[in-house]
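Residue numbers (the working numbering): 5 to 141.
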């Protein structure tokens, strides 16, 4: 994974509070980029971190170059965003779990849930037992 690219937009990087965790704990310190490095396309996966809108054109640009696309969908807690781009990705990692999406037969089992909420801690928890963010690392 030495050439792993994590691409995103300034809005997503500034809006998602978990970006350090995603970059360093999940993807081993791979750098964020605001664009695609064409020299690395084809030989390693591209992680596309999206908080707001998912740019389907960006995914369509990456796929023909031979790179696998991993969509890390940070948004979607209200299930109010278009998810049609999911079918174009090789893997989709969601911050929010909805069994109707995770278990969807139409998406071929390529959706996984990676709970890492900044506000409430990792995974579903009892609210009263969660430490405040200022008391968590």
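All C-beta atoms in this analysis are idealised placements derived from N, C-alpha and C, irrespective of residue type, glycine included.
### Query
Quick one, are the C-beta atoms of residue 34 and residue 8 less than 9 Å apart?
Less than 9 Å separates the beta-carbon of residue 34 from that of residue 8.
### Query
When burial is assigned at 16 or more other CB atoms within 10 Å of the CB, is residue 65 buried or exposed?
Looking at its Cβ environment, which holds fewer than 16 other Cβ atoms inside 10 Å, residue 65 is exposed.
#### Entry: Cα-Cα separation, residue 93 to residue 25
C-alpha separation (whole angstroms): 22 Å.
### Query
In terms of alpha-carbon separation, which member of 102, 10, 30, 106 lies closest to residue 54?
Among 102, 10, 30, 106, the Cα nearest to that of residue 54 belongs to 10.
### Task
Name, in chain order, the residues that DSSP records as bridge partners for residue 53.
Answer is 76.
### Query
When the Cα atoms are used, what is the spatial distance from residue 14 to residue 38?
Approximately 7 Å between the Cα atoms of the pair.
### Query
So, helix, strand or coil for residue 87, using DSSP?
Three-state DSSP puts residue 87 in coil, outside helix and strand.
### Query
Looking at C-alpha atoms only, which residue of 84, 41, 49, 73 is the closest neighbour of residue 100?
Closest by alpha carbon: 84.
### Task
Kindly indicate the opening and closing residues of the alpha helix (DSSP H) around residue 62.
Residue 62 -> alpha helix (DSSP H) spans 60–66.
### Task
Name the two residues that bound the continuous alpha helix (DSSP H) containing residue 30.
Membership of residue 30 in any alpha helix (DSSP H) is not indicated, and neither H nor E is assigned to it by DSSP.
### Short Cβ contact (9 Å threshold) for residue 63 with residue 87
No, the Cβ-Cβ distance between residue 63 and residue 87 is not below 9 Å.
### Task
Check residue 95 in the structure and name its three-state DSSP category.
Residue 95 falls in the strand class under three-state DSSP.
### Task
Quick one: grab the DSSP three-state call for residue 124.
Because the pLDDT of residue 124 is 49, which lies under 50, any placement of that residue in the model is unreliable, and the question is left without a value.
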